[in-house]
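These notes concern the structure reproduced below.
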Amino acid sequence: MNFRGLLPVIPLVIFISIASLLPIVYFLLNAFQTPAGEFTLREIRNVFSQPAYLTSIWNTIEIALLVDLLILALAYPVALTIHLAQGWRRTVLLICVLLPFFTSVLVRTYAWSVVLGLEGPVNGALVATGILDEPYLLGHSTIGTVIGLVHILMPPAVLAIYTIMGRIDSDLMVTAKSLGAGNLRAFFTVFFPLSMPGIVLGGLLTFVMALGAFVIPQLLGGVGNLMFGQIIVLIATVSLDWNFASAMSLIFLILLAVPIYGLVRGGQFGDVSGEGRGDKPSRIARLLSRLLAPLGAIMERLTAPVLAWLDRVPASASAGLRIAVALAVVVFLIVPEALIVILSFGDPDYLSWPPTQLNGEAYALFFQQEPWVRALRQSVQFGVVTMIVSVLIGSVAAYGIVRGRFPGKSLIISLALVPLILPEIVPAIAYYIAASAFGVSGTAAAIVAGQGVTATALVLLVMTAVFRSLKVDIEYAARACGAGPVRGFVDVVIPLVWPSLIVASLFSFLNAFDNLLIPLFMGGRYQTLPVYMWLQMREATSPMITVVASIMILVVVLFGVLANFAQQLQARRLAQQ
């Protein structure tokens, strides 16, 4: 083992240990302590002795399962349509999915609060068509929570399924059809089973994300049906009962051990690090295959009549239905953001649909209001500092993981991705409690470190993929000419991968710029744009929020254009190696 290869990874290990792993461990250990620090199981027993808290956990799981099923049913036709589309059609569909994916969760949630409001377009249409006699409270209800979660979590599921579909050999479908299978029969017997890993990965991803949701149920949900994230925040930040919050989180994570493990395994983090198992199935997969083989034979006999009927369904009918569903989902993803942009040009004093006027007066007023401008400035400052820290730590560590020779690479990757794997509310609350306990809550350094763990994880994912695609011969040639490892990295590697560094920088900046939970929980004198926007949304529906939301959407669009240009430039550079 070459210990020098560990040097680039050491800053990452130290950083994630201090800002991510230790806070989570400290937080969960509080479940076994009294406020005086003595060992006890009282808090664990208290969770089980109070049905209201167990009900909130079960309610959260029920909503997450419902959201997951709806997303998978709608995401699959979209992913398949994108997969089958060609040229500009595929590009347009991908943009329609990626734009909401990178747009702030707070912005999209606010969009739905307007769309589902009593005076919003949905209620207006339902009353105008006679379906309802009077507006119905769609927002601030379980219906609003489900709609918001489906919209927010749809893009990751679509991208996960679409990625797996791109790995399926198209010749298999041609072979199935040449053997007499119709289009639908070939799809359900060949293509669909091969795309199942994407469905499983997308389902696990959206399920875990739905379980840890806080912003969406807080703004769109009802007060009588609180989810886990809301309960934990109330206990930890209002009641300040950190031990009980830790006990609830521990029990919650134990219940989620199986889906989280499946997400880790399904994410193939070992492949990212270069320690992948290849196509060799795990022991669990082989055991399940043997156990389910008889069931598969039974299902094959039972579904034979259905498959025979599928052969008689015209291909145009199935394709038309798929495209119709896909277009409906795309409209569902895009329209709320489009409505927010339109409303931002309306009356700056009163939010109404349809807008009573269309002008840019609200934008001029925005830059004249010091609280909004100060919040924007602080968001940019924190975003830039977080970006610099995460890119330096993440890119150097990615190079060390790909090029270094030492065991445990996949473990390091998995630990670095913990903030992305766990329900988002758990790492955020854990960091808040640990920072408060050690007296650093509310400091700029604590906010940067808290935002930096997720930003660094994104940089790590991007740069490990790029470094693995980079030919090592060029680096060997530089060393043969007398360049040391550091100089070879700076003079040879960086010039080759700088477009990808730009992409990673944009991702990390957007992640920090959009981060709500860390600055919100840290408190102090720093109010970033998402925090100030959050506070304004809790007080009233201000037209100024539509301006802020539109500006954040514009930032995403501009960064997306830059990232696409940098990605194309990187592809050309790698092709010229």
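If you're matching positions, the sequence shown starts at 218 in the numbering used here and goes up one per residue. Ideal Cβ positions, reconstructed from N, Cα and C, are used throughout, including at glycine. Small disclaimer: the values here were computed from a predicted structure and weren't measured.
Practice task
Take Glu587 as the anchor and find which of Trp459, Ser266, Ile381 and Leu746 has the nearest alpha-carbon.
Solution key: Leu746
- Query: If Gly446 sits next to Thr359, beta carbons under 8 Å apart, how far is it from one beta carbon to the other, in whole angstroms?
  - Reply: In fact, because the Cβ distance is near 15 Å, the residues do not count as touching under 8 Å.
message = With distance defined between alpha-carbon atoms, name the residue in Leu389, Trp459 and Ser561 nearest to Ala581.
response = Ser561
Does the Cβ of Ala502 have 16 or more other Cβ atoms within 10 Å, making it buried, or fewer, making it exposed?
Here the model assigns Ala502 a pLDDT of 47, short of 50, so the residue's position is not dependable, and the following value carries that caveat. Exposed, by the Cβ-count rule.
Would you mind working out which of Gly365, Ala633 and Gly337 sits nearest Tyr353, comparing C-alpha positions?
-> Gly337
Exercise for review: Reducing DSSP to helix, strand and coil, say where Phe655 ends up.
Suggested key: coil
Exercise. Note down the Cα distance separating Ala197 from Asp458, rounded to an integer number of angstroms.
Key: No answer is possible for residue 197: it lies beyond the span of the chain, which begins at 218 and ends at 794.
Q: Provide the residue span of the alpha helix (DSSP H) that contains Lys626, from first to last.
A: Lys626 to Ala633
Nearest candidate by alpha-carbon position, reference Leu366, set Phe232, Leu323 and Asp350
Leu323
Which whole-angstrom value is the C-beta distance of Arg685 and Val619, which I expect to be below 8 Å? 5 Å
Inset, instruction - Please classify Ala502: does DSSP put it in a helix, a strand, or coil? - result: With a pLDDT of 47 at Ala502, under the threshold of 50, the predicted position of this residue should be treated as unreliable, and no value is reported.
Practice item. Look up Phe562 in the DSSP assignment and say whether it is helix, strand or coil. Key: coil
query: For Leu436 and chain D, any beta-carbon pair shorter than 8 Å?
result: Going by chain labels, chain D is absent from the structure shown, which holds only one protein chain.
*Which partner residues does Phe408 have in the DSSP bridge list?*
According to DSSP, which records beta bridges pairwise, Phe408 is partnered with nothing at all.
So the candidates are Asn247, Ala783, Pro644 and Ile433; which of them puts its Cα closest to the Cα of Val720? Ala783
Check your understanding: Looking at the structure shown, is Phe599 part of a helix, part of a strand, or coil, going by DSSP?
Key -> helix
Does the beta-carbon distance from Ser717 to Met680 come in below 8 Å? yes
Query - DSSP-derived helix/strand/coil call for Phe256 - result: strand
Which term fits Asn576, buried or exposed, when burial requires 16 or more other beta carbons within 10 angstroms of its beta carbon? exposed
Point to revise | Distance, Pro640 Cα to Ser237 Cα | key: 13 Å
Problem set entry | Buried versus exposed, by CB contacts within 10 Å (16 or more), Lys688 | exposed
Do you know whose CA, among Tyr293, Ser612 and Leu771, lies nearest Ile227's CA?
Ser612
Among all the DSSP beta bridges, which residues are the ones paired with Gln250?
Phe256
**OP:** State the DSSP-derived secondary structure class of Asn442, mapped to helix, strand or coil.
**Re:** coil
Residues near Val546 by beta carbon distance below 6 Å, same chain, minus five either side: Leu291 and Val295
Please classify Pro760 as buried or exposed, where buried requires at least 16 neighbouring CB atoms within 10 angstroms.
buried
Exercise for review: Consult DSSP for Val683 and reduce its assignment to one of helix, strand or coil.
Suggested key: helix
What residue ranges within the region 733–785 form continuous alpha helix (DSSP H) runs of no fewer than 4 residues, ordered along the chain?
734–739 and 746–756
According to the neighbour-count rule (16 or more other Cβ atoms, all chains shown, within 10 Å of its Cβ), is Ala541 buried or exposed? exposed
Do you know offhand how far Leu734's Cα is from Leu310's? 31 Å
If the criterion is Cβ atoms closer than 8 Å, does the pair Ser658 and Met739 meet it?
yes
| request: Mind the definition here: the region 313–321 touches the region 401–416 only if three or more C-beta pairs lie below 8 Å; say whether that holds. | output: no
Review point. Using the beta-carbon count (16 or more within 10 Å), is Thr326 buried or exposed?
Key: buried
Buried or exposed: which applies to Trp589, given that a residue is buried once 16 or more other Cβ atoms fall within 10 Å of its Cβ? buried
Determine, using beta carbons only, whether Ile449 and Ser466 come nearer to each other than 8 Å.
yes
From what residue to what residue does the alpha helix (DSSP H) around Thr795 run?
Residue coverage of the chain in this structure runs from 218 to 794, which leaves residue 795 outside it and unanswerable.
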